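Student: Just so it is clear: in the sequence shown, position 229 is 557 by this note's numbering, and no numbers are missing.
Quick one: this structure, given as structure tokens, is what I'll be asking you about.
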Amino acid sequence: MDAHTLELLEFDKIRKLIAGYAQSSLGRDLAHQLEPGTDPRAIQAALTRTQEMTQALQAGMVPPLGGLKDVRLLVRRAAIGSMLNAEELLEVRQVLLCTGRVYRYRMQLDPHWAALIELLQPVQDLGPVAKSIDTALDERGHILDGASPELQAVRKSLRELDEKAQHLIRRLLNDTEMRKILRFPQATFCGDHYVFPVAVQYRHRMPGVVHRTSPTGETVYIEPTSLAALSAERAVMKAEEHKEEQRVLRRLTAEVARVATPLLAALDVLAELDLLQAKARYALEYDMQFPDLSEEGKLYLRQARHPLLEYLYRHPLAYAETVRVPLENEPPTAQQSATSDQAGTLQAERPRASAPASAGRPSVVPIDVRVGWEFRMLVITGPNTGGKTVALKTTGLLCLMAHAGLPIPAHEGSLVPLLDNVLADIGDEQSIEQSLSTFSSHMTRIAQILETATARSLVLLDELGAGTDPVEGAALGRAILDELDRLGCLALITTHLGDLKTYAFANPRAENAAVEFDSVTLRPTYRLLIGQFGTSNALKIAKSLRLPRSLLARAYRYLRQRRRGKEWMHLQRLREQTERARAEAVRARLEAQREKELYERQRAALLEQEQERQRLEEARRRLQPGDRIRIPRLEQTGEVVRIDWKKNLAIVRAGVGQWELPITDIYPLDVANP
């Protein structure tokens, strides 16, 4: 997909929203790398997996991803023979336990979630390796005595030496003469040596080795000669202990290395699983639906909402109160400019006048968009701040989300075309560095779009023909529309130019649309009305602002002179009636198609169940004494001893005894449980 379009439509913010639902750095990294695809099979597979994960979450089947960490570097180090320390092994242990939980999670999934089960197939239960680590290390990373017989023996010897040393120390401290020369009556450690604090003037009264002196020089710390031999032996034993500990760590590292290949494969799958559950949680929180995909290039969005506006209104505290989303064509304040990267540059849709006051804060007004059926171009007109740009951004962003395997904030039954590209020219992209005016910048971008677009592309052009003389801009705009028509791509175009509003009258492959304007309140409602074209309503707004009556009368007279009769108004009414009939026909056709597909799926499932039942009955009729069977009621396997066909009973051997069971309770091992 076009990188510039992804930036214009702020797809990166969708990535960040999804990353916020991930439970591990692995899932977050995948979320930040999420890209809309173009391969139909891959797109459908991604949507199917996400849909099945959503159903699993709704059924309470939450993936057990606790303890999942990115330990790929540690596993690779182990694989090449580099020893892992205790803390690193504990990190790997958490992931090994996670593989076991996910393995059992897969076994509990509904068989209908085939795509999800297939994704988790490579995950093996590597819990036994984690148990090996558990028997050798405690939760703080200390190596346990039972990690190896040799280590246990060494530590036993160390404890015996310490007991001897303590016994000798107590005897020395109980000596009356010895206590007279000590600064305080206890022994302490200096490294691995037991030492006594002796007053410096009594230094020669205790034979032994001076290990250090106090800062004042009045106390020396002496290891008595009687303890020196024990300390030397203890030092040897400590070295042996360290050697055994290293041997244990190397053994555990080798066990990790042994499962490095399946563990690395499992980490890739677990990262994908984390991304899937993040997508699903995002979908459930925002009440998203999974669109159908159209290979015929048809787009139909029902009650579509812009996901970033939805986030803004649901989480108002995520933005400071001073951060306001700039309206269309409204210059941002300095404070808004400083925070525009965070708040975005989308139009803030406000609730309609009829919205309940209890709503308390703005809500996103949903829109219906249809293109690719009777027409492939939609020319959208209407006043500033009416929602034209948001309509473009909503359409483009939702198509990108569907191509990235994401559900969309729209009603069930929405249809998204399989596209090879989404190409957009939206907003003021004036470039001082390249010495390009607004008009030049738009023309440069449109030239790139026309070179790239194909019949399977979606083109979004905002304010076509703006930034230059209206007459020349309209002529150039018509030529651009003709070229888009020749390419055969899907296109949504917004404009203020009156001459472009009549383009659809002469081209059956184009249609008008308008953003609704409330003539009573003189405010936009942000709804998109296909089959109509909008007006700026400048005279009505001017009247509400109390311009002189004589001035307004003159303006209305000029307007009547410019309009060419009322034929175009009659034609517009006919097109509105036709559009309403078309929209109803499209909804009915899609609903009938969905019901047909549901019927076919249910019919196929029933047929498969019947075939499975027949296979099971045939397999039971072939059972002979000695055949291995599965007994779900007993949760065991066993073998057939005898079958009484008249009574429809089987005598089976399972565990330590024999059981008499109905034949319907036993299953040949080569037949799956129904």
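Positions of the beta carbon are idealized from the N, C-alpha and C atoms, including for glycine.
Being a predicted model, the structure only gives us computed values, none of them experimental.
The beta strand (DSSP E) with residue 629 in it runs from where to where?
Tutor: Reading the sequence shown from its first residue, position 301 is the one you call residue 629. Run containing residue 629: 627-632, per the beta strand (DSSP E) assignment.
Student: What is the C-beta distance between residue 856 and residue 841, in whole angstroms, given that I count them as a contact (C-beta under 8 Å)?
Tutor: Translated into the one-based positions of the sequence shown, residue 856 becomes position 528. Translated into the one-based positions of the sequence shown, residue 841 becomes position 513. Confirmed, about 6 Å.
Student: Can you tell me whether DSSP reads residue 654 as helix, strand or coil?
Tutor: For the purposes of this step, residue 654 is taken as residue 326 along the sequence shown, with counting starting at 1. Legend: pLDDT at residue 654 = 37, less than 50; position of this residue unreliable, no value from coordinates given.
Student: Using 8 Å for Cβ pairs, my map puts residue 612 next to residue 382. What's the rounded Cβ distance?
Tutor: Here residue 612 corresponds to residue number 284 of the sequence shown, with the count starting at 1. Here residue 382 corresponds to residue number 54 of the sequence shown, with the count starting at 1. About 6 Å; that satisfies the 8 Å criterion.
Student: Could you check which residue in 961, 447, 379 and 459 has the C-alpha nearest to that of residue 418?
Tutor: Within the sequence shown, numbered from 1, the residue matching residue 418 stands at position 90. Answer by Cα proximity: 459.
Student: I'd like the list of long-range same chain contacts for residue 585, defined as Cβ closer than 6 Å, with 5 residues on each side in sequence excluded.
Tutor: Within the sequence shown, the letter at position 257 stands for residue 585. Here the set comprises 406 and 407.
Student: Would you call residue 453 buried or exposed, if buried means 16 or more other Cβ atoms sit within 10 Å of its Cβ?
Tutor: What you label residue 453 is simply residue 125 of the sequence shown in a count that begins at 1. Residue 453 comes out buried.
Student: List the DSSP bridge partners of residue 820.
Tutor: Within the sequence shown, residue 820 is the residue found at index 492, counting from 1. Bridge partners of residue 820: 706 and 788.
Student: Just curious, the alpha helix (DSSP H) that residue 491 is in, first and last residue?
Tutor: Counting from 1 along the sequence shown, the entry for residue 491 is found at position 163. First-last of the alpha helix (DSSP H) with residue 491: 477-501.
Student: Hey, would you say residue 697 sits closer than 8 Å to residue 636, going by beta carbons?
Tutor: For this step, residue 697 is matched to residue 369 along the sequence shown. For this step, residue 636 is matched to residue 308 along the sequence shown. It is not a contact, given that the beta carbons lie outside the stated cut-off.
Student: Do residue 839 and residue 859 have their CB atoms nearer than 8 Å?
Tutor: The count along the sequence shown starts at 1 and reaches residue 839 at position 511. The count along the sequence shown starts at 1 and reaches residue 859 at position 531. Yes, the pair counts as a contact, with Cβ atoms nearer than the cut-off.
Student: Can you tell me whether DSSP reads residue 523 as helix, strand or coil?
Tutor: Mapped onto the sequence shown, residue 523 falls at position 195. Of the three classes helix, strand and coil, the one that applies to residue 523 here is strand, per DSSP.
Student: Beta-carbon separation of residue 823 and residue 793 under 8 Å?
Tutor: In the sequence shown, residue 823 corresponds to position 495, counting from 1. In the sequence shown, residue 793 corresponds to position 465, counting from 1. It is a contact, given that the beta carbons lie within the stated cut-off.
Student: Starting from residue 547, trace the alpha helix (DSSP H) in both directions and tell me its first and last residue.
Tutor: On the sequence shown, residue 547 is found 219 positions in, with the first residue counted as 1. Where residue 547 is concerned, there is no enclosing alpha helix (DSSP H), although the beta strand (DSSP E) it sits in stretches over 547-552.
Student: I'd like to confirm something about residue 943: is its beta-carbon nearer than 7 Å to some heavy atom of the ligand HEM, or not?
Tutor: For the structure depicted, the ligand HEM is absent and the ligand set is empty, with no information on it obtainable.
Student: Assuming residue 450 contacts residue 576 under a Cβ cut-off of 8 Å, what Cβ separation, rounded to an integer in Å, is found between them?
Tutor: Counting from one through the sequence shown, the residue named residue 450 turns up at place 122. Counting from one through the sequence shown, the residue named residue 576 turns up at place 248. Contact flag wrong, Cβ pair sits at about 30 Å.
Student: Pick helix, strand or coil for residue 744, following the three-state DSSP scheme.
Tutor: For the purposes of this step, residue 744 is taken as the residue at position 416 of the sequence shown. Of the three classes helix, strand and coil, the one that applies to residue 744 here is strand, per DSSP.
Student: Please classify residue 781: is it buried, with 16 or more other beta-carbons within 10 angstroms of its beta-carbon, or exposed?
Tutor: Numbered from its first residue, the sequence shown carries residue 781 at position 453. Classification for residue 781: buried.
Student: Sort 976, 944 and 986 by Cα distance to residue 964 and report the nearest one.
Tutor: The residue given as residue 964 occupies position 636 in the sequence shown. Looking at the Cα atoms, 986 is the closest of the given residues.
Student: State the start and end residues of the unbroken beta strand (DSSP E) segment that holds residue 990.
Tutor: Translated into positions along the sequence shown, residue 990 becomes position 662. Segment 985-990, the beta strand (DSSP E) holding residue 990.
Student: Tell me the DSSP secondary structure of residue 517 in three-state form.
Tutor: Taking the sequence shown and counting its residues from 1, one reaches residue 517 at position 189. DSSP places residue 517 in strand when its eight states are reduced to three.
Student: Over the uninterrupted alpha helix (DSSP H) stretch that includes residue 410, give me the two end residues.
Tutor: Here residue 410 is taken as the residue at index 82 of the sequence shown, counted from 1. Where residue 410 is concerned, there is no enclosing alpha helix (DSSP H), given that its DSSP letter is neither H nor E.
Student: So, with DSSP's three-state summary, where would you put residue 539?
Tutor: For the purposes of this step, residue 539 is taken as the residue at position 211 of the sequence shown. Three-state result, residue 539: strand.
Student: How many Å lie between residue 415 and residue 931 at the Cα?
Tutor: Taking the sequence shown and counting its residues from 1, the one referred to as residue 415 is at position 87. Taking the sequence shown and counting its residues from 1, the one referred to as residue 931 is at position 603. Rounded to whole angstroms, residue 415 to residue 931 spans 55 Å at the Cα level.
Student: According to DSSP, simplified to helix, strand and coil, what is residue 641?
Tutor: As a working mapping, residue 641 is identified with position 313 in the sequence shown. DSSP places residue 641 in helix when its eight states are reduced to three.
Student: If you reduce the DSSP assignment to three classes, tell me which class residue 860 lands in.
Tutor: Residue numbering aside, residue 860 sits at position 532 when the sequence shown is read from its first letter. Here residue 860 sits in coil by DSSP.
Student: Over the uninterrupted alpha helix (DSSP H) stretch that includes residue 460, give me the two end residues.
Tutor: For this step, residue 460 is matched to residue 132 along the sequence shown. Taken as a continuous stretch (DSSP letters only), the alpha helix (DSSP H) holding residue 460 covers 455-464.
Student: Pick from 940, 925, 775 and 701: whose alpha carbon is nearest that of residue 751?
Tutor: The residue labelled residue 751 in the question sits at position 423 within the sequence shown. Looking at the Cα atoms, 775 is the closest of the given residues.
Student: With a CB to CB cut of under 6 Å and the five nearest residues on each side skipped, what residues in its chain are close to residue 725?
Tutor: Counted from its first residue, the sequence shown places residue 725 at position 397. Around residue 725: 337.
Student: According to DSSP, is residue 529 helix, strand or coil?
Tutor: Residue 529 sits at position 201 when you count from the first residue of the sequence shown. Three-state result, residue 529: helix.
Student: Tell whether a beta-carbon distance below 8 Å holds between residue 818 and residue 625.
Tutor: For the purposes of this step, residue 818 is taken as residue 490 along the sequence shown, with counting starting at 1. For the purposes of this step, residue 625 is taken as residue 297 along the sequence shown, with counting starting at 1. Cβ distance < 8 Å, so residue 818 and residue 625 count as in contact.
Student: So is residue 616 buried or exposed if we call it buried at 16+ other beta carbons inside 10 Å?
Tutor: Locating residue 616 in the sequence shown gives position 288, counting from the first residue. Residue 616 should be labelled buried.
Student: Should residue 455 and residue 425 be called a contact, given that it needs their Cβ atoms to be closer than 8 Å?
Tutor: On the sequence shown, residue 455 is found 127 positions in, with the first residue counted as 1. On the sequence shown, residue 425 is found 97 positions in, with the first residue counted as 1. The answer is yes: Cβ separation under 8 Å.
Student: Please state if the CB of residue 530 and the CB of residue 1044 are separated by a distance shorter than 8 Å.
Tutor: Because the chain spans 329 through 1002 in this model, residue 1044 falls outside it and cannot be assessed.
Student: Evaluate the contact criterion for the region 463-483 versus the region 425-439: three or more CB pairs, one atom per stretch, below 8 Å.
Tutor: Verdict: no, contact absent.
Student: What number of angstroms, rounded off, separates the C-alpha of residue 390 from the C-alpha of residue 606?
Tutor: By 1-based counting over the sequence shown, the position of residue 390 is 62. By 1-based counting over the sequence shown, the position of residue 606 is 278. Rounded to the nearest angstrom, the two C-alpha atoms are 11 Å apart.
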